[in-house]
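Here is the structure we will look at, set down as structure tokens.
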Amino acid sequence: MSIKKSIDINGFKHVLHEHKSFSESQMLAKSKTYFRWLDSRRSVREYAKTPVSKEVIENIIKAASTAPSGAHKQPWSFCAISNSEIKSKIREAAEIEERASYDSRMSERWLKDLAPLGTNDVKEFIEDAPWIIVVFKQVYEIEDDKNINNYYVNESVGIAAGMLISAIHNAGLVTLTHTPSPMKFLTKVLERPSNERPFLLLPVGYPKEPIYVPNINRKGLDDIAVFYE
Ligand code: IYR
Numbered sequence: 003m004s005i006k007k008s009i010d011i012n013g014f015k016h017v018l019h020e021h022k023s024f025s026e027s028q029m030l031a032k033s034k035t036y037f038r039w040l041d042s043r044r045s046v047r048e049y050a051k052t053p054v055s056k057e058v059i060e061n062i063i064k065a066a067s068t069a070p071s072g073a074h075k076q077p078w079s080f081c082a083i084s085n086s087e088i089k090s091k092i093r094e095a096a097e098i099e100e101r102a103s104y105d106s107r108m109s110e111r112w113l114k115d116l117a118p119l120g121t122n123d124v125k126e127f128i129e130d131a132p133w134i135i136v137v138f139k140q141v142y143e144i145e146d147d148k149n150i151n152n153y154y155v156n157e158s159v160g161i162a163a164g165m166l167i168s169a170i171h172n173a174g175l176v177t178l179t180h181t182p183s184p185m186k187f188l189t190k191v192l193e194r195p196s197n198e199r200p201f202l203l204l205p206v207g208y209p210k211e212p213i214y215v216p217n218i219n220r221k222g223l224d225d226i227a228v229f230y231e
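Residues 3 to 231 in the numbering used here are what the sequence shown spells out, letter by letter.
Here is the structure:
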């Protein structure tokens, strides 16, 4: 029996997908190598001013855009900024919010939890990194002047952000997830439409050298996984 190249479901075309799987030993080796490689990623807070080509950033964004999303709405926009005037505007506005957060909005407990990471309200990386990517979520689509809500927006954009981070690591670059709060100023500075909300800000570039990162441990499998066999 010949296998059809495409079939019809609910009147929509479904095409034959060629899935590539591996032998047990290849799978073991690949899964271990991938874990080790991801485990070598660290959030970096100090950046070299060394430029990164636009094409690399385009590829990284395209990789993130392969993320699954609710009803395949792809409810994201990735704003990539290398323009130094815009980066300065963003840094200035982010630091105003962060100063207020670190000075009075964050609890003692929160500040204590952040102390080992060495974060503070000074966000030099926004100007130093050659690129800043601001991820926006599209909470709704505008169709015939009507707002149509998207589905599972936070889940979808969160997955895309994770894939963006691994694409950055794969390119030999570093990033960190910065969450200035509130982030409304980004909508204004970047002139985004009313259906978009800022989700994350990520500097992208090379680390300043030498670079030091907090001596943290990741939770072990026993602390994060529960198996039901
Ligand atoms: N948004 C602040 C504070 C901050 C919060 C968390 I949760 C972190 O993991 C790190 C920092 C900032 O970006 O500095």
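Each residue gets a CB set at the ideal place from its N, CA and C atoms; glycine is no exception.
Here the structure is a predicted model, which is why all the values come from computation and not from measurement.
Assignment of P118 by DSSP, reduced to helix, strand and coil, places it in the helix class. Excluding its 5 nearest sequence neighbours in each direction, K32 has C-beta neighbours in its own chain below 7 Å: F24, listed in chain order.
For Y36, the uninterrupted alpha helix (DSSP H) run begins and ends at E26 to D41, by DSSP. The beta carbon of E100 is closer than 7 Å to those of D123, K125 and P182 in its chain, skipping five residues each way along the sequence. Setting aside the 5 residues that flank it on each side, L113 is surrounded in the same chain by Y104, each with a C-beta closer than 8 Å to its C-beta; the list follows chain order. Beyond the five residues adjoining it in sequence on each side, K91 comes within less than 8 Å, by CB distance, of V191 in the same chain, given in chain order. Remark: C-beta atoms of V137 and L202 approach each other more closely than 9 Å. Assignment of A73 by DSSP, reduced to helix, strand and coil, places it in the helix class.
Counting only the Cα atoms, S8 lies some 10 Å from F14. Just so you know, the alpha carbons of E129 and E145 end up roughly 37 Å apart. DSSP places G207 within a strand segment (E or B) once states are collapsed to three.
Closest in alpha carbon position to K56, among S45, I218, V206 and E143, is V206. Excluding its 5 nearest sequence neighbours in each direction, L119 has C-beta neighbours in its own chain below 6 Å: P216, listed in chain order. Apart from the 5 residues on each side of it in sequence, P70 sits with its Cβ closer than 8 Å to the Cβ of S158 and I161 in its chain, given in chain order. Shown here, D147 sits in coil according to DSSP, grouped into three states, outside any helix or strand.
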